[in-house]
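Here's the structure, in structure tokens; my notes come after.
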Amino acid sequence: MIARAQTKISVRLDELAELVGTNHRSVLDRLDGPSQTPPASLDEIFDALDRLDDARRTLGAEQAAVADGLAAIGLRLERFIAAQGLQRHADTGVVPQGQRFRVVGTQYNPDLADGIVTQIVRSAATRGDTLIREGEVIVNKRTQ
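Count the sequence shown with the working numbering and you get residues 70 to 213, in order.
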């Protein structure tokens, strides 16, 4: 009896899938729960925020108005990401958290301690305690 009911449900899902233009397996897969990786569009927003941070860092004092404008755009994008339940991690001047960041290079700065993040190459992102985007950083190495 259960097998018969499952068959009827499967047939009905197939009929619905024809109406929607997809198969029922992909519909069910999407209903299983939230993805642990950000959709491509959100990943592009994270990348855009990384580029905005890079651009702001390279601007001189004479371009403070441009830097302020870029910061305002970044803030709006950060709010959008937060509304999606995500948090972006892009802090410099701290020791990188090994669960969130992979070290991809080193720089020499005698004013900073060894292992301190000097540059974010790719920001990390979390949803609650779950990492959904691994970050990449460059850290200080005082010995050459």
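Here a beta-carbon is modelled for each residue, glycine too, at the ideal position from N, C-alpha and C.
Everything numeric in this text was worked out from a predicted model, so none of it was measured.
- A contact between stretches requires three or more CB pairs, one per stretch, nearer than 8 Å, and the stretch 195 to 213 fails this requirement with the stretch 127 to 136.
- According to the DSSP assignment, residue 205 belongs to the beta strand (DSSP E) that extends over 204 to 209.
- Under DSSP, residue 200 forms a beta bridge with 195.
- Between residue 207 and residue 174 a beta carbon distance of about 4 Å is seen, short of the 8 Å cut, so the two are scored as contacting.
- Around the beta carbon of residue 118, 16 or more other beta carbons lie within 10 angstroms, which makes this residue buried.
- Distance from the CA atom of residue 157 to the CA atom of residue 132, rounded to whole angstroms, is 26 Å.
- Under DSSP, residue 156 takes part in a beta bridge, and its partners are 195.
- In this structure, the alpha-carbon of residue 112 lies about 10 Å from that of residue 192.
- Per the C-alpha coordinates, the member of 123, 172, 110 positioned closest to residue 149 is 110.
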